[in-house]
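Read in order, the letters of the sequence shown correspond to residues -24 to -1, 1 to 610 in mature numbering (1 follows the signal peptide of the UniProt record, and there is no 0). All C-beta atoms, glycine included, are put in the ideal place defined by N, C-alpha and C. Here is the structure we will look at.
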Amino acid sequence: MKMNLLFIFSAILFFGSVSLPAIAEPVEDKQALLDFLHNIHHSHSLNWKQSSSVCSKWTGVTCNGDQSRVVALRLPGEGIQGPIPPNTLSRLSAIQILSLRSNGISGSFPSDFSKLENLTSLYLQFNNFSGPLPTDFSMWKNLSILDLSNNRFNGSIPTSISNLTHLTSLNLANNSLSGVIPDINVPSLQSLNLANNNLTGSVPLSLLRFPSWAFSGNNLSSESAIPPALPLQPPTPQPPRKANKLSEPAILGIVLGGCVLAFVIIAMLMVCCYSKKDKEGGLPTKSQKKEVSLEKNASESQDKNNRLVFFEGCNLAFDLEDLLRASAEVLGKGTFGTTYKAALEDATTVVVKRLKEVPVAKKEFEQQMEVIGSIRHPNVSALRAYYYSKDEKLTVSDYYEQGSVSAMLHGKRGEGRIPLDWETRLKIAIGAARGIAHIHTQNGGKLVHGNIKASNIFLNSEGYGCISDIGLAALMSPMPPPAMRAAGYRAPEVTDSRKATNSSDVYSFGVLLLELLTGKSPIHSTGGDEAVHLVRWVHSVVREEWTAEVFDIELLRYPNIEEEMVEMLQIGMNCVVRMPEQRPKMPDIVKMVEDIRRGSIENRPSTETNLETAVSTPTPQAADEASTSAPPPQ
């Protein structure tokens, strides 16, 4: 019997091990990529090796979910030169995204690309392609983005582009295309650029919905209601008039006067341009729909070694040029810089913060970024990458579709608004507390957030608060107290933003709790011109009335939460006491806010009873705060 059991057990082990699925590897796609690499010149070394996994190790390569096929290849700016070897990339029959932009690829458009029937995005801009475009685009029935700009393509624009029923973006600018513009009647087309070619005729009626700059730099006529900004027919020449002969002194005076005037005009234009550049920055705003090209200026040539630095575990694949060319919109302008939402060519969306007033040296900046970038916690927004140069400092982090807690809490109120319920606000507080407590344990307990506010808090995948913009305060120039304290989150003892402490973070978190409870901004108006500080207002309501008026009216619709709100109010008031040493520590705050959620009971007294109970035993520090003369807005 024992022999039989042993045999059966061994058989199970054997057959079980045989049937275990091996890790998938797209062998044919891998060989196609190696053939491409070995038959084309490339100045940058790629880590493509036969012995390594193409899906998890190779730069620029993305596979599908089961790692059986390559679905994306992104090699921007990798120094690839010469024509694309035939029968290499065309064997990637499952590929959907192909980006070879900003290289030195030459030759004609690869004819065997017609085999890539699953292509959705093709980026070949900023190369040296020449010759005509493919006559038949019908094979790419799923193509949505086609960018062939900044090459040397000639010939006409094929009418078969109209067969691309999923096309959303077409860019053929800066080539040598000629002939008339075909009637590209594709309803899904949202972005079009045909500028700077040799196109003639008029703009088809189906394309008149696009801005005039999309057709500029061509030889188009004014027929068919061409947009006004396009070149019109030249005016009828006027018969020449006989000019009176001027003396040589007069001519000399006119020339000198003209030179002086031109110098003044140029100087004024330079001042205006530099002023505008400083104010608006380099990333495009939401209203700027044109694609912005990365200019190779002198400052960049001096900063060749400055590249985007990605942190370990980040699977994003893009470079600085991707960010500057991405479609971007301003999310907000805060204390430390302007924040942009950047949509990259592969549909990845990230948040880019352009920092201002960063006086620290590169080494100190990089050290702080390394500390911040090493943090991995479910309630801390991960820093994905950073960039440092003399003139530009950027950080890259995840984009949260729902927006910040500030937007959720203070968005337009009224009909149609979905208010933040108590459960959501409680989870925001718990998550933010956990995140801040974890931050305070980093770098030997020396790391401080320094800029805690509702606009820097988002919701993670589980609906808990997730805090961002960590540790930037230590890198910034000191700000004057009125500007620094205007947001209402700063602790009263903080007069230099670089010298924030764990206790000042606790104060800021306390203001956040009061904000969640009241629905009011840290600095708000009561109807008049005078701004009211939230901390002072809560203290005055608590001292004088102790009524439910302190709580957000949107919370009063939810039953049986009065006791939890009162407990949260008490925690918030303890956090914003004036003396830093009397504020609780973040680990204790985490336990207190978590206990509120765990301590829910079925039968709670009414709001008034709870408030009256709470007012009977206010903390000594809260009473002292309430009796103190009102400080200036913080």
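Taking contact to mean 3 or more Cβ pairs, one atom from each stretch, closer than 8 angstroms, check whether the region 156 to 170 and the region 123 to 139 are in contact. Contact between the region 156 to 170 and the region 123 to 139 is present, because at least three Cβ pairs lie under 8 angstroms.
Is there a Cβ of chain C sitting closer than 8 angstroms to that of Leu124, yes or no? Absent from the structure: chain C. Only one protein chain is present.
Reduced DSSP category for Ala323 - H, G, I as helix; E, B as strand; rest coil: Three-state DSSP puts Ala323 in coil, outside helix and strand.
Neighbourhood of Leu465 by C-beta distance below 7 angstroms, restricted to the same chain and skipping five residues each side: Residue identity differs from the one stated: residue 465 is Tyr in this sequence, not Leu. If we look at Tyr465 and ignore the five residues flanking it on each side, its Cβ neighbours are Ile428, Lys429, Ser484, Val487 and Pro498.
Taking the C-alpha atoms as reference points, what is the distance between Ser479 and Met562? Our two residues, Ser479 and Met562, have alpha carbons roughly 9 angstroms apart in a direct line.
Secondary structure of Gln57, DSSP reduced to three states: Correct three-state label for Gln57: strand.
Return the chain-ordered list of same chain residues with a C-beta closer than 6 angstroms to the C-beta of Val326, the five sequence neighbours on each side being excluded. Hits under 6 angstroms: Ala318, Val372 and Tyr375.
By DSSP, does Thr176 sit in helix, in strand, or in coil? Strand, per DSSP.
Confirm, please, whether the CB-CB distance from Ile446 to Ala408 is below 8 angstroms. Taking 8 angstroms as the Cβ cut-off, Ala408 and Ile446 do not qualify as a contacting pair.
Could you say if the region 168 to 187 and the region 136 to 156 meet the contact criterion of at least three C-beta pairs nearer than 8 angstroms? The region 168 to 187 and the region 136 to 156 touch, with no fewer than 3 CB-CB distances between them shorter than 8 angstroms.
Check whether the Cβ atoms of residue 638 and Pro52 sit closer than 8 angstroms, and answer yes or no. Residue 638 falls outside the range modelled here, since the chain spans only -24 to 610, and no answer is possible.
Buried or exposed (CB count within 10 angstroms, at least 16 for buried), Ile(-17): The pLDDT assigned to Ile(-17) is 37, lower than 50, so where the model puts this residue is not dependable; a value taken from the coordinates is nonetheless given after this. So Ile(-17) ends up on the exposed side.
Output the distance between the C-alpha atoms of residue 611 and Met244, rounded to the nearest integer angstrom. It is not possible to answer for residue 611, since the shown part of the chain is limited to -24 through 610.
Spell out a yes or no on whether the region 541 to 548 and the region 489 to 496 are touching, meaning 3 or more CB-CB pairs, one atom from each, closer than 8 angstroms. Contact holds: three or more Cβ-Cβ distances are below 8 angstroms.
Output the distance between the C-alpha atoms of Val482 and Thr324, rounded to the nearest integer angstrom. One alpha carbon belongs to Val482, the other to Thr324, and they sit about 35 angstroms apart.
Ends of the alpha helix (DSSP H) at Glu4? Val3 to His14 is the span of the alpha helix (DSSP H), which, as asked, contains Glu4.
So which of Ala467, Lys339 and Leu451 has the shortest CA-CA distance to Glu557? Looking at Ala467, Lys339 and Leu451, the one whose alpha-carbon comes closest to that of Glu557 is Ala467.
Where the beta strand (DSSP E) through His509 begins and ends: Run containing His509: Ala507 to His509, per the beta strand (DSSP E) assignment.
By Cβ distance below 7 angstroms, which residues in the same chain neighbour Lys91 in space, the five residues on each side in sequence not counted? Excluding sequence neighbours, Lys91 sits near Ser66 and Ser69.
At what residue ranges does the region 316 to 361 contain a whole run of the alpha helix (DSSP H), taking only runs of 4 or more? Contiguous alpha helix (DSSP H) elements confined to the region 316 to 361 occur at 338 to 349, taking only those with 4 or more residues.
Do you know how far the Cα of Ser28 is from the Cα of Val356? So the alpha carbons of these two residues sit roughly 33 angstroms apart.
In the region 378 to 446, which residue ranges form an unbroken alpha helix (DSSP H) of at least 4 residues, counting only runs that do not cross its ends? Qualifying alpha helix (DSSP H) stretches, in chain order: 381 to 386 and 398 to 415.
Rounded to a whole number of angstroms, what is the C-alpha to C-alpha distance between Pro110 and Trp116? Rounded to whole angstroms, Pro110 to Trp116 spans 11 angstroms at the Cα level.
Could you name each continuous beta strand (DSSP E) segment of 3 residues or more that falls completely within the region 67 to 138, going from the start of the chain to the end? You should have 73 to 75, 80 to 83, 97 to 99, 104 to 108, 121 to 123 and 128 to 131.
Can you grab the Cα-Cα spacing for the pair Ser437 / Ala449, in whole Å? Between Ser437 and Ala449, the alpha-carbon positions lie close to 27 angstroms from each other.
CA nearest to the CA of Val336, picked from Gly441, Arg474 and Phe89: The shortest C-alpha separation from Val336 is found at Arg474.
What are the boundary residues of the alpha helix (DSSP H) that includes Arg474? First-last for Arg474: undefined, no H or E at that position.
In this structure, how does DSSP classify Leu245 when only helix, strand and coil are distinguished? In the structure shown, Leu245 sits in a helix (DSSP, three-state: H, G or I).
Which value, in whole angstroms, describes the spacing of the CA atoms of Phe341 and Leu451? One C-alpha to the other measures close to 7 angstroms.
Is Thr64 closer than 8 angstroms to Asn15 when the C-beta atoms are compared? Yes, they are a contact pair.
Starting from Val542, trace the alpha helix (DSSP H) both ways and give me its first and last residue. Secondary structure note for Val542: its alpha helix (DSSP H) is the uninterrupted segment Glu538 to Cys551.
Compute the Euclidean distance between the alpha carbons of His386 and Gly495, then round it to the nearest angstrom. Using only the alpha carbons, I get a separation of about 7 angstroms.
How far does the beta strand (DSSP E) with Leu153 in it reach, from first residue to last? Segment Ser152 to Val156, the beta strand (DSSP E) holding Leu153.
Thinking just about the alpha-carbon of each residue, which of Trp513, Asp397, Arg533 and Leu153 is nearest to the one in Val526? Considering only Trp513, Asp397, Arg533 and Leu153, the residue with the shortest C-alpha distance to Val526 is Trp513.
For Val470 and Met555, what's the separation of their Cα atoms in angstroms? Spanning the alpha carbons of Val470 and Met555 requires a straight line of approximately 12 angstroms.
Grab the span of the alpha helix (DSSP H) containing Val566 for me, first residue to last. Here the alpha helix (DSSP H) through Val566 covers Met562 to Arg574.
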